[in-house]
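To start, the structure itself, in structure tokens.
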Amino acid sequence: MKPFRYDRATSPAAAVAAVAADPQASYLAGGTNLVDHLRLGLTEPGLLVDVGGLPLHEIEELPDGGLRIGAGVANSDLAADRRVRERYPVLSVALLSGASGQLRNLATTGGNLLQRTRCGYFQDVTEPCNKRAPGSGCAALGGWNRYHAILGASSHCIAVHPSDLAVALTALDARVRVLGVDGERAIPIDDFYRLPGDEPQRDTVLEHGDLITAVDLPPLPVARNSGYRKVRDRASYAFALVSVAAAIRIEDGTVADVRIALGGVAHRPWRAHTAEQALHGAPSTVEGYAAAAARELSAADPLPGNAFKVPLARSVLTSVLTQLAEEAR
Amino acid sequence: MTEPVTVRSIGTDLVRRDAWAKVTGTAPYAVEHPVRPRAYLYPVQATVPRGTVTAMDTAAAEAVDGVLAVLTHRNAPRLADTSDAELAVLQSPAVGFAGQFVAAVVAEHPEIARQAAGLVRVEYDRMAHDAQLDPDSSELYAPDSVNPSYPTDTLDGDPDAALAAAAVQVRQTYRTAMYHNNPMEPHASYAHWDSDGLTVYDSTQGVHVVRSVLARTFGIDAERVRVICPYVGGGFGSKGTVHAHAVLAALAARALPGRWVRVVLTRQQMFCLAGYRTPTIQRVGLGADRSGRLTALTMDVVEQTSRIKEFAEQSGMPARTMYAAGTRRTTHRLAALDVPVPSWMRAPGECPGMFGPEVAMDELAVACDLDPIELRIRNEPDRDPDSGLPFSSRNLVGCLREGADRFGWHDRDPRPRRMVDGWLVGSGVAASTYPVNQMPGATATIRYADEHYTVSIGAADLGTGAWTILGQIAADALQVPVEQVRMRIGDTAFPYASVAGGSSGTTCWGGAIVAAARAFRSRYGDRPGDGAEAEGTLPDNPERKHWAMHAFGAQFAEVRVRPDSGEIRVARLLGVFACGRIVNPRTARSQFVGGMTMGLSMALHEDSVLDPRSGRVVNHDLAQYHIASCADAPSVQAYWLDEHDPYVNPMGSKGIGEIGIVGTAAAVANAAWHATGVRVRELPITCDKLLG
């Protein structure tokens, strides 16, 4: 831990200007992840710009029927919002399956998206880790990797993204609104996160100084029939071994619309495009869901320590789709 | 028979004396005592598992404003006794495990100490190391004895031949994981030297233990060391022995006379510096006739210890006593590894050592087509198979029967894989046991003044209820209302108390208080004057030569498993125990339920993952080292039999702090088999092991 300066941002633009101007600066929101990292010496910013006081705490209706979630909205408030619970239940359930009540009260929407992997080697400065110290190696590859990636990993990094919220947002085609030095832009969440490749230190496409201001949810009727299932090693306060966010609409016994994202399997929330394509227009049957799940997982490249995740993800995805399809009838 | 105390307060559910202080946050823990002036220590830890420090650059750390001292093996005060390698802090450049202290920074503020510690540069000559427990290693050895001083091996007859000839045979290998005690209050000390000597506020299960160890280590008279610890935020054995941080605090305080030097281990540091339970590999053999009567029982255990200091967990012990068997062998073999030093954790020996045998009994029951309760009843011994002595009391069968009634065992279908509401549901049973231990020397004083009896003894309450129940024992021994008793514990200014370990506190400290009360009454009668004072010391109990003394219990688990994921939850846990007289039902229930919950946690969650490449525990925090959450333990019920044992002590009580964790994991594993048909022999039972 080293000394740092602390500033309270007065406006989003001022916050961006302050952080963009200082390569050692970092945003601070709920602090539930960053403060741990300061203690552990994983990051040593020279300046913390606190964005907790910015007016980013509202959930607003969008003209197109979607919702805009301010980046500062607490996870517990977002999970409890009636509009979210009615129109995007997957989001509420995902949030409530994460962390603990105390953490959800502090953790923000933007911060949740930018939380870092919980890989034990990443969190220990005495271990090699390409995400924390690029070029130092990956201790997880030959070590304890029960929780690690089975899809999209590289020889540089096998970490997984820990967020539950981000998995639900990925299934919902959310757009992340970002304010940078060049103004505001919206990034589809499927383009927001990266696979590790040879730059695992970069979790997202954000540049230094970029500030998440909001997350937009599109109007999505299919999302009213959605759900989130999280498989974990204890009933509460545990990260996902595998999670599934899904929404489905059945018309005349066939799949009219389906959205699927997996958590706990990759460096990013994993949008299951392959399974979705296999299911569009297909008959709604258990066999069909199982086959789609198998196709999605056929790309898996597990390690001995996490090979169980492949059949686990296949099985749970099949269950979730089957159950949602029954509820859709 | 011991001379029994006539009970009045004993047996009532008196509210904890410390309850109000605890829930209002006013009970001071080790580093909450308002001492001044303070200094704050943050350690530098070895990053290699074995080797030698070859160079150390402390200049940058020393240059930080507010740094008072940087201690290394070069400049730290010398210790008088370095025979205990765990405690020979900063005395040599040798590194025996990753995480060992190699330097320490003391500063005006904790943040400054931590920052400066990060600036100390250390170079090592790294040696080849071994941090992997391998049951087939050629370097396994037999220790001279196992904790605390039991025979390493026992042999009765020719069990291999009997096993080979048995009509029904179970031969399996069972594994328990490495576990960390993880009390809520971290290991923490304040230390202060002046011309009178050393004073330490410590979080400990035995102030007199800390005093004698620090006195020996620093080469001063014990009378010059005072250790104070009125409250402990949990210990589970990890505060029963002195660990390196307490020596480091005293060492730093010696370098900074007049300052109270504070050391608080972080959660991560507790995974290498505060002891842990060794992983065990248990090769169990059960041979039986077709009716289930055991003809052979073998329990061969492999465990680890650290190369720098031996601790031999007595995991084979319960197999020596639990069941009658025609022939029997128990052995312990150790691997000395370059790993942190293992130590006590709640029910060392009994807790891991009842996993393999109690699952094996379940497997034998299935093989014999017998109810597992009936199998245990058929193998009930009439004397302790280990010592040959009769039991002072043994009510395992009573616990099994009472538990079966309460749990609803009788309508159980023994076939596995029953499905209820989309979940696989199963039930399992296992036995619990724990010896009645007694340590010598505990002494108490009783002084009368202002119509109150003040009882003083250096005992410890780590959440067990000792504050409360010792007052009840004193009240009954004096034959006065409990309101007239004032308790003073947790300070070496009070008479000697043995450690809060081996579930022996009530026996030892209670016995001392009874002796003091009897001395008091015989000297002063029923109308003492102000200032009347008497002392009593725990007498030897001659009955211990004539009787085997153990507590027993039975635990029942109902588990639910999701068929599509293998996720397992314990829907119900129910235990019935026979532990002599229960001194306080309120605090006793808390001990049983706490032990059982910890056993549930061992069954499903706890698992310290040691990376053999680094010798470090990877999941060294409470986000990654899973302990059962409230949602994992929806129903944990504890009951007890009304057991009268006139031989154990004047209270008729047996220790209850540890038995609750014994057998629990086996009950859960047996229930998991009944739910799924999958026999998991390696803890923890996680979804991947059950996913078909």
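First to last, the protein sequences are chains A and B. All letters in the first sequence, in the order written, are residues 1 to 329 by full-length UniProt numbering. All letters in the second sequence, in the order written, are residues 1 to 692 by full-length UniProt numbering. Glycine included, C-beta positions come from ideal geometry on N, C-alpha and C.
For residue 662/B, the closest C-alpha among the options 572/B, 356/B, 497/B and 372/B is that of 356/B. Taking C-alpha positions only, residue 97/B is separated from residue 264/B by approximately 20 Å. For residue 133/A, there is no enclosing alpha helix (DSSP H), as DSSP marks it with neither H nor E. Counting C-beta pairs closer than 8 Å gives three or more between the segment 258-275 of chain B and the segment 184-198 of chain B, which meets the contact rule.
Within the DSSP secondary-structure output, residue 129/A pairs in a beta bridge with 138/A. For the segment 226-253 of chain A, the set of residues with a beta-carbon nearer than 9 Å to any beta-carbon of chain B comprises 229, 231, 232, 233, 234, 235, 236, 237, 238, 239, 241 and 242, in chain order. Per DSSP, the unbroken alpha helix (DSSP H) holding residue 271/B starts and ends at 267-273. In the DSSP annotation of this structure, the continuous segment of the alpha helix (DSSP H) that includes residue 192/A starts and ends at 189-192. When DSSP assignments are scanned along the segment 61-100 of chain A, the uninterrupted stretches of alpha helix (DSSP H) that are 4 or more residues long and fall wholly within it turn out to be 75-80, 82-87 and 89-96. Residues of the segment 562-595 of chain B with a Cβ closer than 8 Å to any Cβ of chain A, in chain order: 564, 565, 566, 567 and 569. DSSP, reduced to helix, strand and coil, places residue 409/B outside both helices and strands of the structure shown, so it counts as coil. Flagged as an interface residue toward chain B: residue 126/A, by a C-beta distance shorter than 7 Å. In the displayed model, residue 10/B falls within coil according to three-state DSSP, outside both helix and strand. Scanning its chain for C-beta atoms nearer than 8 Å, with the 5 sequence neighbours on each side dropped, one finds around residue 11/A the residues 54, in chain order. Taking 7 Å as the Cβ-Cβ cut-off, the segment 308-320 of chain A approaches chain B at 308, 311, 312, 315, 316 and 319, given in chain order. Between the C-alpha atoms of residue 327/B and residue 152/B there is a straight-line separation of about 17 Å. Legend: CB atoms of the segment 1-18 of chain A lying less than 8 Å from CB atoms of chain B belong to residues 1, 2 and 3.
Looking only at 366/B, 164/B, 48/B and 39/B, the smallest Cα-Cα distance to residue 679/B is reached by 366/B. Residues are counted here when their Cβ sits less than 7 Å from a Cβ of chain A; for the segment 483-497 of chain B the count is zero. In the three-state DSSP reduction, residue 538/B falls in the coil class, being neither helix nor strand. Out of 623/B, 633/B, 689/B and 617/B, the CA that lies nearest to the CA of residue 132/B is found in 617/B. By the neighbour-count definition (other C-beta atoms within 10 Å, threshold 16), residue 6/A is an exposed residue. Inclusion of residue 629/B and residue 237/A in the CB contact set at 7 Å is warranted, their separation being smaller than that value. In this structure, the beta-carbon distance from residue 90/A to residue 229/A does not fall below 7 Å. Counting C-beta pairs closer than 8 Å gives fewer than three between the segment 112-122 of chain B and the segment 283-301 of chain B, which falls short of the contact rule. Taking 7 Å as the CB threshold, residue 180/A stays off the interface with chain B. Taking a C-beta distance under 7 Å as the contact criterion, residue 106/B and residue 56/B do not qualify as a contact pair. Every unbroken stretch of the alpha helix (DSSP H) spanning 4 or more residues and falling wholly within the segment 177-229 of chain A is given here in chain order: 189-192. The three-state reading of DSSP puts residue 601/B in helix, counting H, G and I together. The beta carbon of residue 58/A sits closer than 7 Å to those of 70, all from its chain and outside the five residues before and after it, given in chain order. Inside the segment 352-386 of chain B, DSSP marks whole alpha helix (DSSP H) runs of 4 or more residues at positions 355-368 and 372-378, from first to last along the chain. Contact annotation: the segment 267-282 of chain B touches the segment 296-308 of chain B, with at least three C-beta pairs closer than 8 Å.
With contacts defined by Cβ atoms closer than 7 Å, residue 660/B and residue 596/B form a contacting pair.
Between the segment 109-118 of chain A and the segment 162-176 of chain A there are three or more inter-stretch CB-CB distances shorter than 8 Å, so the stretches are counted as touching.
With a threshold of 7 Å between beta carbons, residue 114/B makes contact with chain A. Linking residue 46/B to residue 689/B through their CA atoms gives a straight-line distance of about 35 Å.
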